[in-house]
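Novice: Per this note's numbering: the sequence shown = residues 48 to 962.
Can you keep this structure in mind? I'll have questions shortly.
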Amino acid sequence: MSSIDIIPITRADPVGVRTTCPYCGVGCGVVATPRTATDVAIAGDETHPSNFGRLCVKGSALGDTVGLEGRLLNPKLRDRATGALSDVSWDDAIGTVASGFARIIAEHGADAVAFYVSGQLLTEDYYVANKLMKGYIGSANIDTNSRLCMSSSVAGHKRAFGEDLVPMNYEDLELADLIVLVGSNTAWCHPILFQRMMKVKEARPDVKIVVIDPRHTATCEMADLHLPVKPGSDVRLFNGLLAFLAAHGATDAAFVDAHTDGYDAALSAAGAADIEQVARDCNVDAHDLLNFYRLFTRTERVVTVYSQGVNQSSAGTDKVNSIINCHLATGRIGKPGMGPFSFTGQPNAMGGREVGGLANTLAAHLELDNGNHRGMVQTFWSSPRMAARAGLKAVELFDAIEAGRVKAVWIMGTNPVVSLPDGDRVKRALDKCELVVASDIIEKTDTNAFAHVLLPALGWGEKEGTVTNSERRISRQRAFLPAPGHARADWRIICDVARRMGYDGFDFDAPHEIFDEHARLSSYRNDAESGVYRAFDIGGLSDLTREQYDALQPVQWPLRAAEAASGTRLFETGRFSHADGRARFVATPPRAPVNAPDSDYPFVLNTGRVRDQWHTMTRTGRSAKLAGHISESFIDMHPQDALACGVREGELARITSRWGSMIARVQHSGGMQRGSVFVPIHWNDQVASDARVGAVVNPVVDPVSGEPEFKHTPVAVEKFHVTWHGFSLSRSTPVIDSVTHWTRVHGDRFMRYELAGRNRFDDSHGNHHDWARAFLGVDDPHADWIEYEDKSAGVYRAAHVVDDRIESCVFICERPDLPARAWLASLFDKEHLSDDDRASLLLGQAIGKGEDTGATVCSCFGVGRNTICNAIREKGLKTAAQVTACVKAGGNCGSCVPELKKLIVETEMAQLSAG
Ligand SMILES: Nc1nc2c(c(=O)[nH]1)N[C@H]1C(S)=C(S)[C@@H](COP(=O)(O)OP(=O)(O)OC[C@H]3O[C@@H](n4cnc5c(=O)[nH]c(N)nc54)[C@H](O)[C@@H]3O)O[C@H]1N2
Ligand SMILES: Nc1nc2c(c(=O)[nH]1)N[C@H]1C(S)=C(S)[C@@H](COP(=O)(O)OP(=O)(O)OC[C@H]3O[C@@H](n4cnc5c(=O)[nH]c(N)nc54)[C@H](O)[C@@H]3O)O[C@H]1N2
Ligand code: SF4
Ligand SMILES: [Mo]
């Protein structure tokens, strides 16, 4: 392995660098102050208009994730015979990629190669990737994980507005009197926007919040009304609303006449305003439904927020349009405090859409299926060719790879083995593919395991560029750390390959040059007369010098060259982007999800996110602080459903669909309706033995957008039998192959493994002692080894001590009834174990250290559930603010406040029923 160049930071007086959070689409400003190359102080940027200084728990923990552990720091090639990876020079790596792509294009045509990119790339990276594939290679086989995320919104916006436009500003959330959250767990997924809404609600208690979600989520803790709809029934609900608005004379006929087309057809497709019938179809209480419809009818200032419960559906695009229809019908769009608001998932979902990173779009909001647009872009680029038709959308793309039609793929900044539906098929496809190239910051991912060429990219804090957030605000990501090892910026890697393939048009030396080209293209012939008007125009940001680009303040588009100010909400003049300037209603007759539950697969699998993890955990998974909240994957289900499946809370179960299976621990959050199960998306083969839920998800897609139906797969649930449960904490990696089921959890000074096994511990199958020593890798017979065994109860505990410091320990029990992990973890902080510590290891519980604090609720201050509930009970606390004052929980980022509210209610209920 070649050496890792780490340039030490030797600033006597560290300077904070203003940058943007690399996680969600809220796009919060961060001030990062590096103290060393791996130690960075993180604070919210008070001047940033997204967050005004606040950060959620993931943002606050960014400092934990910048270390070099696990980083990919050298280009690597895989030996096809042995499968081994070896370091190569950049020159070799770029040569291998360029010649590999060129050969396959020469032999099989441009459509035999593809890029699969990501809404986490910076706009500059994305721009050159798209330019290379569409304008130089001449294929549109570039698609992105935004296909899995925002493509139904993109398609819905285009149908309604004539362009992919999110008209809203964050401020509109504060100006609204009613906020409807559809398929959005805002409290966990867009926490800073959630906090902004909560602040308004505190100041103006009349503001109403309605949540439409099959699950009772943390977001519901703050809602006035929760409609636990039948999964997939949103179109029916909003069609019913449209009919209700019409029946009650609540539409804005003047707006509809002046600015829209298609109202009558949409209304007639919506069906009758029959509350009872809609309530039955959506499986909600008719009274609650009527309340919602009335609230919507009488409140002028309504914002309808939607996220993945809407987009990730086989009717995703129709869901989007059924929502927009209600806003168009009431004229509630383009005005303060009202409109449809698609919250974007990834930090640069919007930037990717601006540069046309989807297989069916062109750059700068131009259309691939429009010959005029194609000609314009080709002229602007002076490129040798131009893709003539739409390329393959993500799911189709991997089908084509499996079928051998696409023979080379370059994956950048995404982990499709984990995140695409039918994940085992993705594995098979990549396994067959002639040339798989992956650019990542981490070496070991489920996807990189299939790559022939690994390209080390610069990560957050090392790279320079721009991102665009949910309200169309462009912010700079700035570097504050040195480039580690041989990692290079994504844009540079792409340009290096393009140049090696012999293409001009990629002679960029710095990201501001790319941004300038992007800005100029956005305003190129962008006027009403040319017939290619589009609202996306950042001509006002052309010609920025490097210094101006470096100093760029967060700024919203549109920002036309002639205009000094930006930041208006869109559609204020009632003009939309269709050629005639009018918006379109879209008729959305309700459709049932493609795959319905049946007797073999009786439950609907819903998948989504948890508060403290980001996607496939390559970054958040490295933070011990973030691991505390939820450390293992789980299957959340209704207790009666669990009973029917023969599983109890805390036990392991296997979920199976027609596509695949996975294993996780059953839990009852109390928020699931009967017939539905929920599993988080984050855990994968790097961190668990069998917890990749993507393997189970059906590959059904929305017919318009191609977005997968991640929220609706028919599945069966059965108990996963094991003979023992356990966990280990160790400073070095244990021999995990001998364990049936495991999950790895990052600790500060150790790795924790949650374990379960099927083997018997007895004289003929090997005893606990031998197993534990082999597992922890202790072969010295004289090792300092503390051990306790109760054969009749199937309980075993052992610890290995080196120089009076704990090295590792393992706890085993026949039942899933194990001691708390927190006090054991604290032993790893000690240089010397006391006699009490040794005794407590034998006893399996802390001696004289008070209570078990329970699972972490507040990650910032590490406050556990039991501590919080005890304080609520003993001190009679009634509000989240009182809990914060008493035990600190919720006092930093505030992400746990909805959970504090839930614990207050639960504790009060428990007290009532007890006494
Ligand atoms: N903590 C955290 N935050 C994140 C991310 C993360 O990984 N972790 N990822 C970011 C990204 S890329 C994205 S796209 C966003 C996603 O943000 P969200 O969309 O808020 O998150 P999800 O958990 O995917 O799903 C939202 C909700 O949709 C509900 N749902 C399921 N089926 C239906 C249905 O038929 N109708 C309705 N109305 N609702 C339904 C689910 O129960 C779930 O609560 O989060 C972003 N923020
Ligand atoms: N079942 C189910 N599946 C889903 C979803 C769901 O709700 N349910 N949601 C879908 C959605 S909305 C999304 S957005 C996707 C997300 O899914 P992915 O995009 O697959 O998830 P990430 O873990 O964000 O992958 C990002 C990868 O890029 C790497 N990386 C980080 N920074 C950089 C960089 O600067 N350059 C490069 N080259 N690489 C970098 C990371 O290490 C990681 O491997 O998952 C989708 N999949
Ligand atoms: S809400 Fe949290 S994850 Fe999203 S951008 Fe802000 S700090 Fe980052
Ligand atoms: Mo996403």
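We treat Cβ as the ideally placed atom computed from N, Cα and C, and that holds for glycine.
Note that the structure is predicted; figures quoted are calculated from it, not measured.
(1) Whose C-alpha, out of 108, 230, 205, 374, is nearest the C-alpha of residue 286?
(2) Is residue 905 helix, strand or coil when you go by DSSP?
(3) Would residue 206 pass as a contact of residue 633 if the rule is Cβ separation under 8 angstroms?
(4) Where residue 257 and residue 336 are concerned, what is the direct C-alpha to C-alpha distance, given to the nearest angstrom?
(5) Strictly by DSSP, which residues pair up with residue 513?
(6) Between the C-alpha atoms of residue 386 and residue 141, what's the straight-line distance to the nearest angstrom?
(7) May I have all residues whose beta carbon comes closer than 6 angstroms to any heavy atom of ligand 4, sorted in chain order?
(8) So, helix, strand or coil for residue 426, using DSSP?
(9) Taking residue 164 and residue 191 to be in contact with their CB atoms under 8 angstroms, please state how far apart those CB atoms are, rounded to whole angstroms.
(10) In the structure shown, what three-state DSSP assignment does residue 348 receive?
(11) What first and last residue would you give for the alpha helix (DSSP H) that runs through residue 538?
(12) For residue 667, does the three-state DSSP call read helix, strand or coil?
(13) Can you list, in chain order, the residues of its chain whose CB lies under 7 angstroms from that of residue 495, leaving out five sequence neighbours each side?
(14) At 4 residues or longer, and completely inside the stretch 236 to 320: list those alpha helix (DSSP H) runs for me, N to C.
(15) If we call anything under 8 angstroms between Cβ atoms a contact, is residue 214 one with residue 618?
(16) With a threshold of 7 angstroms, establish whether the CB of residue 550 neighbours any heavy atom of ligand 3.
(17) Use the C-beta contact count for residue 419: other C-beta atoms within 10 angstroms, 16 or more gives buried, fewer gives exposed.
(18) How big is the Cα-Cα spacing for residue 8 and residue 275?
(19) Please state whether DSSP places residue 156 in a helix, a strand or coil.
(20) Grab me the residues of residue 251's own chain with a C-beta within less than 7 angstroms of its C-beta, minus the 5 sequence neighbours each way, in chain order.
(21) Please work out which residues of its chain come closer than 7 angstroms, Cβ to Cβ, to residue 576, disregarding the five sequence neighbours upstream and downstream, and give them in chain order.
(22) Between the beta-carbon of residue 329 and the beta-carbon of residue 262, is there less than 8 angstroms?
(23) Please find out if some non-hydrogen atom of ligand 6 comes closer than 7 angstroms to the beta-carbon of residue 504.
(24) Any idea which residues DSSP pairs residue 653 with across the strands?
(25) Please identify the residue among 72, 210, 128 whose C-alpha is closest to the C-alpha of residue 625.
(26) How many angstroms separate the CA atom of residue 800 from the CA atom of residue 671?
(27) For the putative contact between residue 473 and residue 467, defined by C-beta atoms under 8 angstroms, what is the C-beta separation to the nearest angstrom?
(28) So does the stretch 734 to 745 actually touch the stretch 698 to 717, counting three or more Cβ pairs closer than 8 angstroms?
(29) Opposite residue 837 in the DSSP bridges: which residues?
(30) What residues are listed by DSSP as bridge partners for residue 603?
(31) Using 8 angstroms as the Cβ pair cut-off and three pairs as the minimum, do the stretch 685 to 697 and the stretch 757 to 776 touch?
(32) Taking just the CA atoms, how far does residue 439 sit from residue 492?
(33) Just list the residues that DSSP pairs residue 856 with in beta bridges.
(34) Kindly indicate the opening and closing residues of the alpha helix (DSSP H) around residue 355.
(35) DSSP on residue 789, reduced to helix/strand/coil?
(36) Determine the closest residue to residue 241 out of 220, 592, 230, with distance taken between C-alpha atoms.
Specialist: Taking the geometry as given:
(1) Position 239 of the sequence shown, counted from the first residue, corresponds to residue 286. Selected option, being the one with the closest Cα: 374.
(2) Here residue 905 corresponds to residue number 858 of the sequence shown, with the count starting at 1. Three-state DSSP puts residue 905 in a strand.
(3) Taking the first residue of the sequence shown as 1, we reach residue 206 at position 159. Taking the first residue of the sequence shown as 1, we reach residue 633 at position 586. Yes, they are a contact pair.
(4) Counting from one through the sequence shown, the residue named residue 257 turns up at place 210. Counting from one through the sequence shown, the residue named residue 336 turns up at place 289. So the alpha carbons of these two residues sit roughly 11 angstroms apart.
(5) Mapped onto the sequence shown, residue 513 falls at position 466. Beta-bridge pairing links residue 513 to 523.
(6) Within the sequence shown, residue 386 is the residue found at index 339, counting from 1. Within the sequence shown, residue 141 is the residue found at index 94, counting from 1. Cα-Cα distance, rounded: 47 angstroms.
(7) 196, 392, 393
(8) Along the sequence shown, one-based indexing puts residue 426 at 379. Correct three-state label for residue 426: helix.
(9) As a working note, residue 164 is residue 117 in the sequence shown. As a working note, residue 191 is residue 144 in the sequence shown. Sure, about 5 angstroms apart at Cβ, within 8 angstroms.
(10) The residue given as residue 348 occupies position 301 in the sequence shown. Three-state result, residue 348: coil.
(11) The residue given as residue 538 occupies position 491 in the sequence shown. That run of the alpha helix (DSSP H) goes 537 to 547.
(12) What you label residue 667 is simply residue 620 of the sequence shown in a count that begins at 1. DSSP places residue 667 in helix when its eight states are reduced to three.
(13) Translated into positions along the sequence shown, residue 495 becomes position 448. Here the set comprises 485, 487, 501.
(14) 238 to 250, 281 to 294, 300 to 306, 310 to 317
(15) Residue mapping note: residue 214 aligns to position 167 of the sequence shown, counting from 1. Residue mapping note: residue 618 aligns to position 571 of the sequence shown, counting from 1. Going by C-beta atoms, residue 214 is nearer than 8 angstroms to residue 618.
(16) Taking the first residue of the sequence shown as 1, we reach residue 550 at position 503. Residue 550 Cβ: outside cutoff for every heavy atom of ligand 3.
(17) For the purposes of this step, residue 419 is taken as residue 372 along the sequence shown, with counting starting at 1. With fewer than 16 other Cβ atoms within 10 Å, it is exposed.
(18) Not covered by the structure: residue 8. The range shown for the chain is 48 to 962.
(19) Walking along the sequence shown from the start, residue 156 turns up at place 109. In this structure, residue 156 counts as coil in the three-state DSSP scheme.
(20) For the purposes of this step, residue 251 is identified with residue 204 of the sequence shown, where counting begins at 1. Answer for residue 251: no residue qualifies.
(21) Locating residue 576 in the sequence shown gives position 529, where the first residue counts as 1. Here the set comprises nothing.
(22) As a first step, residue 329 is located in the sequence shown; it is residue number 282 there, counting from the start. As a first step, residue 262 is located in the sequence shown; it is residue number 215 there, counting from the start. No, these two residues do not count as a Cβ contact at 8 angstroms.
(23) Among the ligands present in this structure, namely ligand 1, ligand 2, ligand 3 and ligand 4, ligand 6 is not found.
(24) As a first step, residue 653 is located in the sequence shown; it is residue number 606 there, counting from the start. Paired residue(s): 725.
(25) Sequence index remark: in the sequence shown, residue 625 carries index 578 (1-based). For residue 625, the nearest C-alpha among the options comes from 210.
(26) The residue given as residue 800 occupies position 753 in the sequence shown. The residue given as residue 671 occupies position 624 in the sequence shown. Computed Cα separation, rounded: 13 angstroms.
(27) For this step, residue 473 is matched to residue 426 along the sequence shown. For this step, residue 467 is matched to residue 420 along the sequence shown. Indeed, because the Cβ distance is near 5 angstroms, the residues count as touching under 8 angstroms.
(28) yes
(29) Stepping through the sequence shown from its first residue, residue 837 is reached at position 790. Partner(s): 842.
(30) Indexing the sequence shown from 1 puts residue 603 at position 556. In DSSP, residue 603 forms a bridge with 520.
(31) yes
(32) Counting from one through the sequence shown, the residue named residue 492 turns up at place 445. Counting from one through the sequence shown, the residue named residue 439 turns up at place 392. Roughly 24 angstroms separates the two Cα atoms.
(33) Translated into positions along the sequence shown, residue 856 becomes position 809. 776, 846.
(34) Taking the sequence shown and counting its residues from 1, the one referred to as residue 355 is at position 308. Run containing residue 355: 355 to 358, per the alpha helix (DSSP H) assignment.
(35) Taking the first residue of the sequence shown as 1, we reach residue 789 at position 742. In this structure, residue 789 counts as strand in the three-state DSSP scheme.
(36) For the purposes of this step, residue 241 is taken as residue 194 along the sequence shown, with counting starting at 1. Residue 220 is the option with its Cα nearest to residue 241.
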